[in-house]
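Student:
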Amino acid sequence: MGLPSSLFHNLTSNPVNWALFTTLVCLLLMLRSTPYTPPAPEHPGISRFLAISHSNVVELRNYTPKQLLEFDGSNNKKILFAVNGKVVDVTRGRSFYGPGKSDLNFLYHIFNHIFEKGGMYGNFAGRDASRGLAKNSFDLSMLSDPEGPIDKLEDLDEEEWQSLRDWAAFMENK
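Start counting the sequence shown at 29; every next residue gets the next number (our numbering).
(1) Could you check whether the segment 102-112 touches the segment 156-163, counting it as contact only if at least three pairs of C-beta atoms, one from each stretch, sit closer than 8 Å?
(2) Using only alpha-carbon positions, find the residue among CYS54, LYS114, GLY121, ASN201 that is nearest to PRO93.
(3) Using a 10 Å radius around the Cβ and a threshold of 16 neighbouring Cβ atoms, would you call VAL118 buried or exposed?
(4) Give me, in chain order, the residues of the same chain whose beta-carbon lies closer than 8 Å to that of LEU219; leave out the 5 immediate sequence neighbours on both sides.
(5) Sort PHE99, ASN151, GLN95 by Cα distance to GLY176 and report the nearest one.
(6) Give me the Cβ distance between GLU188 and ALA162, rounded to the nearest whole Å; I'm assuming they're in contact under 8 Å.
(7) Using the Cα positions of GLY101 and TYR91, report the straight-line distance between them to the nearest angstrom.
(8) On a Cα-Cα basis, can you pick out the residue from LYS106, PRO43, VAL116 that is closest to ALA197?
(9) Distance check for LYS105 and ASP179, CA to CA, integer angstroms please.
(10) DSSP three-state call for ASP100: helix, strand or coil?
(11) From the DSSP secondary-structure annotation, give me the bridge partner or partners of VAL118.
(12) Would you call the CB atoms of ASN151 and LEU171 closer than 8 Å?
(13) In terms of residue numbering, what span does the alpha helix (DSSP H) encompassing LEU161 cover?
(14) What residues match up with LEU52 in a beta bridge as DSSP calls it?
(15) Is ALA110 helix, strand or coil when you go by DSSP?
(16) Pull up the distance between the alpha-carbon of PRO32 and that of ARG60, whole angstroms please.
(17) Taking the alpha helix (DSSP H) that SER169 falls in, what are its first and last residues?
(18) Quick one: measure Cβ to Cβ for TRP46 and LEU52, integer angstroms, because I've assumed they're closer than 8 Å.
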């Protein structure tokens, strides 16, 4: 008995071998059919290595509440909101933080008051979300007037301050 016939016999005699062989063939076909193509650099003079390894850019800038309003995600702009004095870019989570209908359509119809401005946290887009996050509320009354003074959050209790600190730590990783 030759090598090919003994391999065929071992494969067909045990169902586990058959399953492993089938899985291996599927994986190889998947790898072969989806070749990796690195993204083109944004600027022609920059090498692909630099464009890929330095794609996340942090822009250091101060915003007034009125300037922050521009970044509510409308017209496919960035989505920014402030948490405890820091501005966070949450554009990658547009379905949660952006305008328009949420991807959670069934919840959109049930909890329409939550989704006033799109995603679950859409009310906070382009605004200071600190009070709402501290109080775990999506209510529009949690938002301060962008024309008015900055909310100093002086009336928050210790539990609300801890909630805000937890949210700020979570948002730093966004």
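Glycine included, each C-beta is placed from N, C-alpha and C at the ideal position. The structure displayed is predicted, hence computed values, not measured ones.
Tutor: Reading off the structure:
(1) yes
(2) Taking the sequence shown and counting its residues from 1, one reaches residue 93 at position 65. Checking every option, the nearest Cα to that of PRO93 belongs to LYS114.
(3) The residue labelled residue 118 in the question sits at position 90 within the sequence shown. Per the 10 Å Cβ criterion, buried.
(4) As displayed, the chain neither begins before 29 nor continues past 202, which places residue 219 out of reach and without an answer.
(5) Taking the sequence shown and counting its residues from 1, one reaches residue 176 at position 148. Among PHE99, ASN151, GLN95, the Cα nearest to that of GLY176 belongs to GLN95.
(6) Here residue 188 is taken as the residue at index 160 of the sequence shown, counted from 1. Here residue 162 is taken as the residue at index 134 of the sequence shown, counted from 1. The pair is a contact, with the Cβ atoms about 4 Å apart (cut-off 8 Å).
(7) Start at 1 with the first residue of the sequence shown, and residue 101 comes out as number 73. Start at 1 with the first residue of the sequence shown, and residue 91 comes out as number 63. If you take the alpha carbons of GLY101 and TYR91, they lie about 16 Å apart.
(8) Position 169 of the sequence shown, counted from the start, is the residue given in the question as residue 197. It is VAL116 whose Cα lies nearest to the Cα of ALA197.
(9) Numbered from its first residue, the sequence shown carries residue 179 at position 151. Numbered from its first residue, the sequence shown carries residue 105 at position 77. Spanning the two alpha carbons is a distance of roughly 25 Å.
(10) Locating residue 100 in the sequence shown gives position 72, where the first residue counts as 1. Strand.
(11) In the sequence shown, counting from the first residue as 1, residue 118 sits at position 90. Paired residue(s): none; VAL118 is not in a bridge.
(12) Walking along the sequence shown from the start, residue 151 turns up at place 123. Walking along the sequence shown from the start, residue 171 turns up at place 143. Yes. Within cutoff.
(13) Here the question's residue 161 lines up with position 133 in the sequence shown. Run containing LEU161: 158-162, per the alpha helix (DSSP H) assignment.
(14) Locating residue 52 in the sequence shown gives position 24, where the first residue counts as 1. In the DSSP output, where bridge partners are listed per residue, LEU52 has none listed.
(15) The residue labelled residue 110 in the question sits at position 82 within the sequence shown. Strand at ALA110.
(16) Residue mapping note: residue 32 aligns to position 4 of the sequence shown, counting from 1. Residue mapping note: residue 60 aligns to position 32 of the sequence shown, counting from 1. Each residue's Cα considered, the two are about 24 Å apart.
(17) As a working note, residue 169 is residue 141 in the sequence shown. SER169 -> no alpha helix (DSSP H), and no H or E assigned at all.
(18) For this step, residue 46 is matched to residue 18 along the sequence shown. For this step, residue 52 is matched to residue 24 along the sequence shown. The pair is not a contact, with the Cβ atoms about 11 Å apart (cut-off 8 Å).
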